[in-house]
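Residue numbers (our numbering): 37 to 299. Glycine included, C-beta positions come from ideal geometry on N, C-alpha and C. Since the structure is predicted, the reported quantities are computational estimates derived from the model, not experimental observations. Report on the following structure.
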Ligand SMILES: [Zn+2]
């Protein structure tokens, strides 16, 4: 587990994925063209950044790793639980479909998603050769999007949960993530008594949510046993990551790229 630097880009990789027939990069905010609160490798096109800088950032990422920019499949992330199975790159003329999980078994597709505190979950089935990225904020986590994605991998590609590797990427830590009572209620509705362990009380008595434990637990319940956690907090480490919470909404999005086949 650790960071790598190439062409001014600094990115994180999971140890468990390294020996596998995939390439993945959880990109930090370093090495891009964006300025101000978006400095510098912002990949979010709807956060107020200069659109030309955002395009330049995407192109730099694809050039650096040697992939065709038009191989990408990405989506408009909406905090739901829809998971799409991509059978080809997204046509540039087609608007982004709305979804919070993307899967593929195609080597000519690069999966790409954007984050700033929400949990990136990377999935790999080395047996059926299937990959996926999930975007799990509190809403998706409360609705058990990780389980939905594992089930969808089974339905679309015949993947068995016991074969899967999962990586829980950089996202907001429990100490930084104060939430309201409506969040607690949503988890209680979904997880019953189990929800209790996902919450703690901060100094002021407010609830704090542990998205890492909740997602690890959800993956376990879905039958996934090989789970690696980065345990890197986006809000604690603004030098590397964008944090929607710590930067009061005025910030960028870091990119996650995952594709089958070696780079
Ligand atoms: Zn933190």
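Output yes or no for whether 9 Å exceeds the beta carbon distance between residue i and residue j.
i	j	result
residue 7	residue 264	A question about residue 7 goes unanswered here, because the residues of the chain that appear run from 37 up to 299.
residue 109	residue 138	yes
residue 48	residue 268	yes
residue 153	residue 280	yes
residue 207	residue 50	no
residue 186	residue 258	yes
residue 164	residue 195	yes
residue 156	residue 219	no
Let me check understanding here. Comparing Cα to Cα, which of the options lies closest to residue i?
i	options	result
residue 297	75, 199, 60 and 215	60
residue 114	173, 254 and 267	173
residue 192	231, 273, 142 and 64	142
residue 276	232, 74 and 236	74
residue 215	197, 233 and 238	238
residue 248	119, 65, 132 and 178	178
residue 231	254, 241, 240 and 107	254
residue 227	176, 55 and 72	176
residue 135	111, 67 and 69	111
residue 201	166, 287 and 126	166
residue 82	55, 39, 233 and 286	286
residue 168	261, 40 and 294	294
CA-CA distance, residue i and residue j?
i	j	result
residue 88	residue 273	27 Å
residue 92	residue 229	47 Å
residue 79	residue 132	14 Å
residue 182	residue 225	17 Å
residue 126	residue 105	11 Å
residue 205	residue 44	21 Å
residue 124	residue 145	6 Å
residue 159	residue 270	20 Å
residue 184	residue 210	23 Å
residue 282	residue 120	30 Å
residue 118	residue 180	11 Å
residue 243	residue 251	18 Å
Ranges of the beta strand (DSSP E) found wholly within the stretch 191–260, counting only runs of at least 3: For the stretch 191–260, whole beta strand (DSSP E) runs of length 3 or above, ordered along the chain, are 201–204, 235–237 and 243–245.
Residues near ligand 1, criterion Cβ-heavy atom distance below 5 Å: 209, 212, 269, 271 and 272
Segments assigned beta strand (DSSP E), at least 3 residues, entirely inside the stretch 122–196: 137–140, 146–151, 155–161 and 166–172
Uninterrupted beta strand (DSSP E) stretches inside the stretch 75–128 (no shorter than 3 residues): 119–122
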